[in-house]
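Shown next, in structure tokens, is the structure this report addresses.
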Amino acid sequence: MRDKSLGSKLLILLAGVLWGCMGLFVRPLNNRGLSSWDIVFLRAFLTTIFMAVFLLVKDKKLFRIKLRDIWCFLGTGLLSIVFFNLCYFKEITITSLSVAAILLYTAPAFVMIISAFCFKEKLTKRKLGALLISFLGLAFVTGVIGGSETITAKALFIGLGAGLGYALYSIFGRYALERGYESSTISFYTFLFACFGTVLFADPGKVLEVSSGSPKMIILSVSFVLISTVIPYLVYTIGLKSVENGQAAIIASIEPVVATINGILWFSEKMSWSVLVGIVLVLAGIVLSNTSNVNGEKTHGS
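Written as structure tokens, this is what we have:
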């Protein structure tokens, strides 16, 4: 079981790395005139199409869900994806990628607290220590500590909303997994409902015009969906089968590190000593969270 758990953790880490690349796609789409709602709709619509094709090829039976379980997918699709994406994409347009990232990663705290009540996951000292170290690292990475970054009240409010929404995917996704659904089924219905939840607020005509306006934009849109949505959500959900929600959230905290590095490399955002200190602390928090099975603290599924 240890090998299975390690594989699951690596999948969650991969998901975090790919999510950290999201800003590379969101900003160009926003610069082309797409609003936050438009981008969320584009992401949900194309993901639904890709996942539908995947299920048709793999096994049509994976489309089946029970009516009494539909609330799980409404939770992942509307309460998590729509709300989280709207807040996060808006945050990216009003502040730096780094500030958006650290506010997003209040999510592990939300996950740990909610999971303690919903799934009886223990709030161990090791978990809380890993969370604290990781969050401190994020503060350094983003420049909130040791830098010149500032956070407005509006950015704080929207960022915390993104963190809560992001956390809810792990919660509702866990419920769906415990009811026997495959990660591909969960991903399909998550984004199907997310698509329904955004279409009324987006401009589908404009989304189609921008995303298919040139070969470059087609490649950008498809890459956006595959790299920052389809693949990471599939592997993250698979990873949840053998890793506790709280631990998974800490492992995925590699995302803002990647987002910050991308901001430095591609958007001329500042590089400083605090970034290096922060990266070390984030990685230390991830390592600490993955030694939680020592001294009798067992991880989920191990």
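Under the working numbering, the first residue of the sequence shown is numbered 110, with each subsequent residue one higher. Don't be surprised by glycine CBs; every beta carbon is placed ideally from N, CA and C. Please read all numbers here as calculations on a predicted model, not as lab measurements.
Assuming E364 contacts A264 (C-beta within less than 8 Å), just tell me the rounded distance between them.
-> 18 Å between Cβ atoms; not a contact.
Relative to the C-alpha of T215, which residue among F244, L232, N371, I360 is closest?
-> F244
For R288, which residues of its own chain have a beta-carbon under 6 Å away from its beta-carbon, when the five flanking residues on both sides are left out?
-> D178
Is G184 closer than 8 Å to G306 when the C-beta atoms are compared?
-> no
Chain-order list of residues whose beta-carbon lies under 8 Å from that of W375 (same chain, five-residue window excluded) | L133
Nearest residue (CA-CA) to S332, options W180, F159, I223 = F159
Sorted by chain position, which residues of the same chain lie with C-beta nearer than 8 Å to E230's C-beta, five sequence neighbours on each side aside?
-> M221, S224, E353, N354, G355, H409
Identify which residue in G322, I359, C304 has its Cα closest to the Cα of I148.
-> C304
Where F226 falls, given that 16 or more other Cβ within 10 Å makes a residue buried = exposed
Take the Cβ of R283 as the centre, count every other Cβ of all protein chains shown within 10 Å, and call the residue buried at 16 or more, exposed below.
-> buried
Give a yes or no on whether the C-beta atoms belonging to S145 and T202 are separated by under 8 Å.
-> yes
Short Cβ contact (8 Å threshold) for S296 with T346 | yes
Three-state class that DSSP yields for I431 in the structure shown = No answer is possible for residue 431: the residues shown for the chain start at 110 and end at 411.
Which residues in the same chain have their Cβ closer than 7 Å to the Cβ of V135, if we skip the five residues on either side of it in sequence?
-> I148, F198, I201
Applying the criterion that 16 or more other CB atoms from any shown protein chain within 10 Å of the CB defines a buried residue, is F182 buried or exposed?
-> buried
Helix, strand or coil: how does DSSP classify V331 here?
-> helix
Where are the alpha helix (DSSP H) runs, 4 residues long or more, that stay fully inside the segment 201-242, in chain order?
-> 206-213, 216-227
What separation, rounded to the nearest whole angstrom, lies between the Cα atoms of T400 and I327?
-> 43 Å
When the Cα atoms are used, what is the spatial distance from K175 to A285?
-> 11 Å
First through last residue of the alpha helix (DSSP H) which encompasses C181 = 179-183
What separation, rounded to the nearest whole angstrom, lies between the Cα atoms of G314 and G322?
-> 12 Å
Alpha carbon to alpha carbon, how far is Y278 from A271?
-> 11 Å
Exposure of L165, with buried meaning 16 or more beta-carbon neighbours within 10 Å | exposed
Given T369 as reference, the closest of V384, A357, L241 once Cα atoms are compared | V384
Taking the alpha helix (DSSP H) that L176 falls in, what are its first and last residues?
-> Neither: L176 is in no alpha helix (DSSP H) and is coded neither H nor E.
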